[in-house]
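In what follows, a structure is listed as structure tokens, so that the remarks can point back to it.
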Amino acid sequence: MLTVLARKPAWWPHFSSTLRSTAVTARLGLVLGIAVLTCFLTGLLSYFQYQAWEWLPPPASPVWGYRVTQGVHVATGMAAIPLLLVKLWSVYPNHFRWPPFRSVKRVVEQITVALLVSATLVQVFTGFFNVLNWYPFRWDFLSVHYRLAYVVIGSVLLHVAVKLPDIVYGLQTKIAEGDVLTELPWNENPESHSIAGPLPPPVTPGLSRRGLLTATGAGIGVVVVTSVGQTLTPLEPIGLLAVRQPSKGPLGVPVNRTAEEANVIAAATAPDWTLEIMGPRPYALTLAEVEEMAVHEARFPVSCVEGWSADAQWRGLRLLEVVERAGGAADSQIRVRSLEPAGFFNKSVIFGPQLSRALLATHLNGERLPVDHGYPLRLIAPNRAGVFNTKWLATIEVLS
Amino acid sequence: MKVWRIILAVVGVGVGAYGLFQLLTQLPRQTLVLLALWLIAALIIHDGLLSPAVVAVGAALRRYVPDRGRRYLQFGLIMAAMVTVIAVPLIYRAHTQPPAKALLLQDFGINLTVLLAAIGGGTLIAYAIRVAQDRSLPSRPTADEAQH
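Respectively, the protein sequence lines represent chains U and X. Add 232 to a position in the first sequence, counting from 1, and you land on the number used in our numbering. Add 447 to a position in the second sequence, counting from 1, and you land on the number used in our numbering.
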């Protein structure tokens, strides 16, 4: 019985492509690792917009800060999808080591690698689906994406620790000369250079390994250049794979949640709309008063968590002036509420430098706000995630 | 190197365990069940369907396409596959959103065709140049022959 198990069956797969090598995998993995780390760090910055600490308010400058970090987050995550698939192709034979469960150590490694691969695949694909406003996964995207990110980055670090000798070998070896990666580990493969001594480099009769990396880089280049136009405005015209086309939104700015989706059309267009300001000295402003006070201009981009952004010119009231009249101050915590009856994004809290520079906007790019952009009044602040620039404002509360 | 490996492993296990703990304690049971299904499905789809298909295509190319042309075909197919992976969800989701969102307004099927045609055209031109070069130097062996 044991001898039967010990012998590799004849049908066991054999991988003979000389394209695969630790020298190739290490190079792909290095770039993928940088991409994953970039996504993790920019993702944490984005999460900070959602859960800012009271003692560390989100900064207001540079005004394009979130535009850049979140644009990089989404573009890098999208580019990581095809890169991840090529990287996994390069190590596919590792699944077919014989015997399959050779040691406890090996089984533990396989379990952690399975977790790494599945968590990373789910993370990048659900992130991409979220950008497409597509939720086939039926869970709350943010709460899973945020926590799964720690699983991904943790298992990447563990993976690097386990593979560090292979990574060092791969990166130090000339790409054409590295041992061929097959289902045999290098230290059991009689054809590996490390065992057989100096040998001529493996022949790659079709595409060369360098050609493989060039094709991968070119593929990623095409994906990035044709998709990043949703963030990098000059590239919008060639955005063949761009999810959003910011210039096609009303007044040149896309809408993330329409008035119809928020169920606010009737309330937002009612002529007797008033803005309630609550605080030590509460008061209210009518539509006419708000429009009369809207004389301040600012240029802040709208930057969405989904990666798209658009530069925009705003006109409106200074939020701080409105708050001060109610007894608040620059160091107050302010909560703004929308006419939208329910939902996570029908309110937001603003404080610190963003409060000092925020506008309650009535005009966008020289026109009165369309209802989809938040008519009659919306919040807009610099370096602030789009979803927290609350639209269809109903109340302003001085919390402290 | 050993110290680095230990540091990386300890930090990695710590951060990963924190993520798992957060998932297990902060999310409703229904979400966890769905997430577990997705994690398993991702492995099955990738390792059980996609990867064997790619390996089979590679083996077929090696068997039926001569080396000189295969080099260019492989290059073009890698690029084409990478672009297609991103384009397919876009095609599926196109024209599903209110126009004010400026979201998924394009005909991504046409766009993908344009990109694939450009990749195919570029690959074909590079191959044609190579064939012409090999012909204009009849006295020297081609790279393929030199290798044998």
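For every residue, glycine included, the Cβ atom is placed at its ideal position computed from N, Cα and C.
query, result
"Simplified DSSP assignment, three categories, for X/ALA593", "Low per-residue confidence applies at X/ALA593: pLDDT is 49, beneath 50, and the placement is therefore not dependable, though the value from the model is reported in the following sentence. If DSSP states are grouped into helix, strand and coil, X/ALA593 belongs with the helices."
"Segment contact flag, the region 556 to 571 of chain U with the region 611 to 631 of chain U, C-beta cutoff 8 Å, min 3 pairs", "yes"
"Among U/VAL394, U/VAL460, U/SER248, the one whose alpha carbon lies nearest that of U/VAL340", "U/VAL394"
"Contacts of U/ALA393 in chain X (Cβ-Cβ under 7 Å)", "ARG452, LEU455, ALA456, GLY459"
"Contact with chain X by U/GLY386, beta-carbon distance below 8 Å", "yes"
"Cα-Cα separation between U/GLY451 and U/VAL457, rounded to whole angstroms", "10 Å"
"Residue of U/THR250, U/ALA381, U/ARG442 minimising C-alpha distance to U/GLU423", "U/THR250"
"Alpha helix (DSSP H) runs contained entirely in the region 334 to 369 of chain U, provided each spans 4 or more residues", "336 to 363"
"Interface flag, U/VAL268 vs chain X, CB-CB below 8 Å", "no"
"Three-state secondary structure assigned by DSSP to U/GLN545", "strand"
"Beta carbon proximity, X/HIS542 to chain U, threshold 8 Å", "no"
"For U/MET510: DSSP bridge partner residues", "U/GLU629"
"C-beta neighbour in chain U for X/ALA489, strict 8 Å", "yes"
"Any 3 or more C-beta pairs closer than 8 Å across the region 565 to 574 of chain X and the region 510 to 519 of chain X", "yes"
"Cβ shell of U/ASP604 (< 7 Å), same chain only, five flanking positions each side left out", "PRO482, VAL487, THR490, ALA491"
"Close-in-space but distant-in-sequence residues of the same chain around U/VAL455 (CB under 7 Å, 5 per side omitted)", "MET310, ALA311, PRO314, LEU473"
"Helix, strand or coil at U/ALA617 according to DSSP, with G and I counted as helix", "strand"
"Meets three-Cβ-pair contact criterion under 8 Å: the region 505 to 524 of chain U and the region 553 to 561 of chain U", "yes"
"CB contact check: U/ILE399 to chain X, cutoff 8 Å", "no"
"Partner residues on chain X for U/TRP371, Cβ-Cβ distance less than 7 Å", "THR478, LEU481, LEU482"
"Chain X contacts from the region 475 to 501 of chain U (Cβ-Cβ distance under 8 Å)", "VAL475, ARG476, GLN477, PRO478, SER479, LYS480, GLY481, PRO482, PRO486, VAL487, ASN488, THR490, GLU492, GLU493"
"Range of the contiguous beta strand (DSSP E) that encloses U/ALA447", "No beta strand (DSSP E) contains U/ALA447, which is instead part of the alpha helix (DSSP H) from 441 to 459."
"Buried or exposed (CB count within 10 angstroms, at least 16 for buried), U/LYS623", "buried"
"Residues near X/ALA593 in its chain [Cβ-Cβ closer than 6 Å; skip 5 each side]", "Unreliable positioning characterises X/ALA593 in this predicted model, as indicated by a pLDDT of 49, which lies under 50. A coordinate reading is not provided."
"Residue burial classification, U/ILE385 (beta-carbon count within 10 angstroms, cutoff 16)", "buried"
"Beta-bridge partners of U/ARG610, as assigned by DSSP", "U/ALA593"
"contact_flag[the region 285 to 304 of chain U, the region 539 to 553 of chain U] where n(CB pairs < 8 Å) is 3 or more", "yes"
"Endpoints, the alpha helix (DSSP H) within which U/GLU521 is located", "519 to 525"
"Buried versus exposed, by CB contacts within 10 Å (16 or more), U/VAL336", "exposed"
"Three-state secondary structure assigned by DSSP to U/GLU556", "helix"
"Three CB pairs or more closer than 8 Å across the region 359 to 379 of chain U and the region 466 to 480 of chain X", "yes"
"Neighbour-count burial assignment, X/MET448, 16 or more Cβ in a 10 Å radius", "exposed"
"Cβ-based burial, U/ALA526 [other Cβ within 10 Å; buried from 16]", "buried"
"Proximity test, Cβ basis, 8 Å: X/ASP581 and chain U", "no"
"Any C-beta of chain X under 8 Å from that of U/LEU390", "yes"
"Rounded C-alpha distance that separates X/GLY495 from U/VAL356", "19 Å"
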